[in-house]
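K.L.:
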Amino acid sequence: MAGLLEGKVVLVTGAGQGVGRDIALQAAQAGAKVMVNDLGTSITGEGADASIAELVAEEIRRAGGEAAACGASVTDRPAVHAMIEQCRGELGGLDHLVNNAGILRDRMFHRMSDEEWDAVIDVHLNGARNVASAACDTFRQQASGSMVHMTSTAGLCGNLGQANYSAAKLGIVGLSRSISIDMARSNVRSNCIAPFAFSRMTATVPAKGSAQQPGEEPYAEKIKRMASEKIPPLIIALGSDAAAHINGQIFAVRGNEIFLMSQPRPLRSVHRSEGWTPETVLEHALPAMARDFYGAETSRDVFNWDPI
Numbered sequence: 003m004a005g006l007l008e009g010k011v012v013l014v015t016g017a018g019q020g021v022g023r024d025i026a027l028q029a030a031q032a033g034a035k036v037m038v039n040d041l042g043t044s045i046t047g048e049g050a051d052a053s054i055a056e057l058v059a060e061e062i063r064r065a066g067g068e069a070a071a072c073g074a075s076v077t078d079r080p081a082v083h084a085m086i087e088q089c090r091g092e093l094g095g096l097d098h099l100v101n102n103a104g105i106l107r108d109r110m111f112h113r114m115s116d117e118e119w120d121a122v123i124d125v126h127l128n129g130a131r132n133v134a135s136a137a138c139d140t141f142r143q144q145a146s147g148s149m150v151h152m153t154s155t156a157g158l159c160g161n162l163g164q165a166n167y168s169a170a171k172l173g174i175v176g177l178s179r180s181i182s183i184d185m186a187r188s189n190v191r192s193n194c195i196a197p198f199a200f201s202r203m204t205a206t207v208p209a210k211g212s213a214q215q216p217g218e219e220p221y222a223e224k225i226k227r228m229a230s231e232k233i234p235p236l237i238i239a240l241g242s243d244a245a246a247h248i249n250g251q252i253f254a255v256r257g258n259e260i261f262l263m264s265q266p267r268p269l270r271s272v273h274r275s276e277g278w279t280p281e282t283v284l285e286h287a288l289p290a291m292a293r294d295f296y297g298a299e300t301s302r303d304v305f306n307w308d309p310i
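Counting from 3, one number per residue, gives the positions in the sequence shown under the numbering used here.
1. Which residue marks the beginning of the beta strand (DSSP E) containing Gly147, and which one marks its end?
2. Relative to the C-alpha of Gly163, which candidate in Trp119, Asp308, Gln265 and Ile260 has its C-alpha closest?
3. For Cys159, collect the residues of the same chain with a Cβ closer than 6 Å to its Cβ; drop the 5 residues on either side in sequence, then sort them by chain order.
4. Can you check whether the CB of Asn193 is closer than 9 Å to the CB of Met228?
5. CA-CA distance, Ala165 and Asp108?
6. Flag this pair as yes or no: are the beta carbons of Met85 and Ala29 separated by less than 9 Å?
7. Which class does Asn394 belong to by DSSP, given the choice of helix, strand or coil?
8. If you count every other CB in all the chains shown that lies within 10 Å of the CB of Ile195, and 16 or more means buried, which is it?
9. If you run the structure through DSSP and keep just helix, strand and coil, what is Pro309?
10. Taking 9 Å as the threshold (C-beta atoms), are Ser75 and Leu106 in contact?
11. Taking the beta strand (DSSP E) that Val283 falls in, what are its first and last residues?
12. Report the three-state DSSP secondary structure of Asp243 (helix, strand or coil).
13. Taking the CB atoms as reference points, tell me whether Gly43 and Arg90 lie closer together than 9 Å.
14. Rounded to whole angstroms, what is the Cα-Cα separation between Glu87 and Met114?
15. From Gly147, Tyr167, Met291 and Thr279, pick the residue whose C-alpha is nearest to that of Pro268; which is it?
16. Out of Glu48, Ala156 and Ala186, which one is the CA nearest neighbour of Ala121?
17. CB Ile25 to CB Val100, shorter than 9 Å?
18. Smallest Cα separation from Ala134: which of Asn161, Gly157, Asn102 and Ala156?
19. Which runs of the beta strand (DSSP E), 3 residues or longer, sit entirely within the stretch 39 to 106?
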């Protein structure tokens with residue numbers, strides 16, 4: 003991995019702790035100059051501590067790398083644009099963006115407040131858009147750039163008590179896909195990764211979903227084996243010149259496993275030359291498609307084997 007990002011500048015949001023911190027550290031080990039961004043909030047988004055980002059930047063510098071820190075909120079558009087300018091001024095440019103910042107406000111949908119919904123959508127989806135939009139000016143000027151946006155199987159598959167988070171994370175997939183199409187002419191690529199990793203975010207999520215089978219290891223213990231340092235190698239690879247042809251994809255990383263995830267495409271079609279009525283839809287169309295309907299699985303149901 004050493005040298006794979008040599009000469010490149012990488013911006014990682016939410017890089018003060020957990021997966022983001024590991025991404026920043028490993029990007030530096032791969033030769034990148036790293037802009038460490040973290041507002042320093044609690045897992046639910048309260049408070050702020052600029053020292054969180056600076057501690058990671060200092061760790062990179064002590065190891066012989068080059069880094070700068072920024073405590074901007076990804077929801078603050080002027081502050082995000084200032085962060086991009088700081089990145090250019092202090093580190094000399096921007097080549098690879100990792101949209102990782104996030105918070106949780108878990109609650110069953112029928113009990114979820116407007117504030118809990120808005121806060122999560124704002125940080126994850128609007129935040130990803132804000133940073134990507136600000137970075138695009140630089141990427142277009144230099145006719146190159148790479149983005150990796152962190153999605154989640156909560157959005158791809160579904161999860162209990164996380165409607166706000168799931169909606170935001172699936173929205174990020176649509177955002178990334180559109181960026182990959184719109185920015186391709188400027189040689190800018192955009193991909194998504196759904197990470198499985200034990201962190202302060204996953205530590206707050208109860209082991210909910212499928213019932214634990216007799217003799218089965220508790221889900222909380224399984225997820226602890228999914229170390230966050232397993233996530234950055236794919237992110238670093240996607241930011242390298244060797245991956246310049248990979249664009250618009252959705253990946254997942256779970257321990258030593260890397261998955262290429264499907265994207266919505268037609269599964270089955272039915273045709274009626276005279277058109278449809280509600281009655282014929284019920285009699286013909288829906289029964290014909292029923293074998294391909296999806297059940298009410300959660301992420302845990304879909305990934306129902308032990309991590310490798």
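The beta-carbon is built from N, C-alpha and C at its ideal position, and this holds for glycine as well.
P.N.:
From the atom records:
1. Gly147 to Met152
2. Trp119
3. Ser301 and Val304
4. no
5. 8 Å
6. no
7. Nothing can be reported for residue 394, as the shown portion of the chain is limited to 3 through 310.
8. buried
9. coil
10. no
11. No beta strand (DSSP E) contains Val283, which DSSP labels as neither H nor E.
12. helix
13. Note that residue 43 is Thr in the sequence shown here, rather than Gly. No, they are not a contact pair.
14. 37 Å
15. Met291
16. Glu48
17. yes
18. Asn102
19. 69 to 72 and 98 to 101
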